[in-house]
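Colleague: Before I ask anything, here is the structure I am working with.
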Amino acid sequence: MFEVTREFEFCFGHRLWNYKGKCHNLHGHNGKACVTLRGDKLNQLGMIIDFVEMKRIIATWIDSTIDHTLLLFKDDPLVKTLQENGEKVLPLDVNPTTENIAKLIYDFCVEKGLPVEKVTMWETTYSYATYFGGETPSIVVEE
Ligand SMILES: [Zn+2]
Numbered sequence: 019m020f021e022v023t024r025e026f027e028f029c030f031g032h033r034l035w036n037y038k039g040k041c042h043n044l045h046g047h048n049g050k051a052c053v054t055l056r057g058d059k060l061n062q063l064g065m066i067i068d069f070v071e072m073k074r075i076i077a078t079w080i081d082s083t084i085d086h087t088l089l090l091f092k093d094d095p096l097v098k099t100l101q102e103n104g105e106k107v108l109p110l111d112v113n114p115t116t117e118n119i120a121k122l123i124y125d126f127c128v129e130k131g132l133p134v135e136k137v138t139m140w141e142t143t144y145s146y147a148t149y150f151g152g153e154t155p156s157i158v159v160e161e
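Those letters in the sequence shown? Residues 19 to 161, by the numbering used here.
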């Protein structure tokens, strides 16, 4: 079995919904996502996938969708206010935690047919979360 991993760096803003603590305030991060693809067969060039191709697909999407974007829970009242003022906002069905951003990137890779094994999302130098796919328990955000 082979694995290839590529790192993607980007900036994003968010705030945690229904959270008691300083992360409820709007703030930003220089984030990094490490995307790992897996395969037991290599192509004729001896690759799972060309890193150039991985960059083309994933970095292009991250640049247009997450980079310099505010990630907010869809019911956050700031979504409407910020959109009305021309700000770049990505409303999510879930709280914009590091875990859920990792899953967002993982799900994009699946949608593109990439053999993704896991996505590790670094929010700070010391804090990161990894999503491996599979069943995840649904978490209800209470009002
Ligand atoms: Zn944060």
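Idealized CB from N, CA, C, for every residue including glycine.
Measuring only the C-alpha atoms, how far is GLY64 from PHE26?
Modeller: For GLY64 and PHE26, the distance between alpha carbons rounds to 23 Å.
Colleague: If you follow the alpha helix (DSSP H) that CYS41 is part of, which residue opens it and which one closes it?
Modeller: Per DSSP, CYS41 belongs to no alpha helix (DSSP H) and is neither H nor E.
Colleague: Give me the DSSP bridge partner(s) of MET139.
Modeller: ALA51 and ALA147.
Colleague: Determine contact between the region 104-121 and the region 74-93, defined as no fewer than three beta-carbon pairs at a distance below 8 Å.
Modeller: At 8 Å Cβ cutoff, the stretches touch.
Colleague: Using a Cβ-Cβ cutoff of less than 7 Å, which residues in the same chain neighbour GLN62 once the five nearest sequence positions on both sides are dropped?
Modeller: Cβ neighbours of GLN62 beyond the five flanking positions: none.
Colleague: Of all the options LEU44, TYR37, MET19 and GLU21, which has the alpha carbon lying nearest to the alpha carbon of GLY31?
Modeller: Ranking the options by Cα distance to GLY31, first place goes to LEU44.
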